[in-house]
Structures are given as structure tokens and as C-alpha cells.
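The numbering of the sequence shown is my numbering, which starts it at 711 and goes up by one.
Built from N, CA and C at the ideal position, the CB exists for glycine as well.
Predicted model, so just to flag it, every value in this text is computed and none were measured.
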Amino acid sequence: MSEVECPVCGLGRVAGYRVPPRLDGAAFRMCGECEAVWEQGQDIDRDFAEDLLGYLRDRGLQPWLEDLERERAWPAVAVPEAEDLPGAED
Numbered sequence: 711m712s713e714v715e716c717p718v719c720g721l722g723r724v725a726g727y728r729v730p731p732r733l734d735g736a737a738f739r740m741c742g743e744c745e746a747v748w749e750q751g752q753d754i755d756r757d758f759a760e761d762l763l764g765y766l767r768d769r770g771l772q773p774w775l776e777d778l779e780r781e782r783a784w785p786a787v788a789v790p791e792a793e794d795l796p797g798a799e800d
């Protein structure tokens, strides 16, 4: 599995995130650099990108980035956590 470069900014990597279940539990993918968002199952393409604030507001949620939960790994967007890298110490 390989990382996916953001097609919007070209600088960040796209990773899986989830709105906490207490809010609505929506799963989506987001660029950590420019905060472009794609709904789960959508192609990671510039034409389908939404901005994070609009995505959250459309769901009636407050746009607080710290409320989002990073997914461990999604098949199309495998971004390893530091502890998952070879040679990482416990």
C-alpha cells in the first residue's frame, strides 16, 4: 500500500479520518496540509475535493479539527504511524 499525494496542493498526504461517533461518525479522507476532504469511497481527485470547514458545516458540526480521529489505515491511503515503521522503538 502506498501513500496518496494530495491532488489539490501537491504537498500533503491524504489519510483517513473519522468524526467521533458521538457527533456523527462520518468517515472521510483528508490532506493534512491543505485540509482538502473526500468522502469515503470517493476518488481522490481534485474535482471531488471539498474544504474541511464546508464538509463539517454541511453536517451541522462545528469545525474543530481536534475533534477528528485519525484512522489507523485505509487500503487506498496507507499512511503508517510512527510506531508502525520498521525500527521504531516501543
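What would DSSP say about residue i, mapped onto helix, strand or coil?
i           : result
residue 769 : coil
residue 751 : coil
residue 764 : helix
residue 756 : helix
residue 718 : coil
residue 732 : coil
As a quick exercise: from the options, pick the residue whose alpha carbon is nearest that of residue i.
i           : options            : result
residue 744 : 772, 756, 718      : 718
residue 725 : 731, 753, 732, 734 : 753
What does the alpha-carbon distance come out to for the pair residue i and residue j?
i           : j           : result
residue 729 : residue 766 : 9 Å
residue 734 : residue 757 : 25 Å
How far does the beta strand (DSSP E) with residue i in it extend, from its first residue to its last?
i           : result
residue 726 : 723 to 728
By Cβ distance below 6 Å, which residues in the same chain neighbour residue i in space, the five residues on each side in sequence not counted?
i           : result
residue 749 : 738
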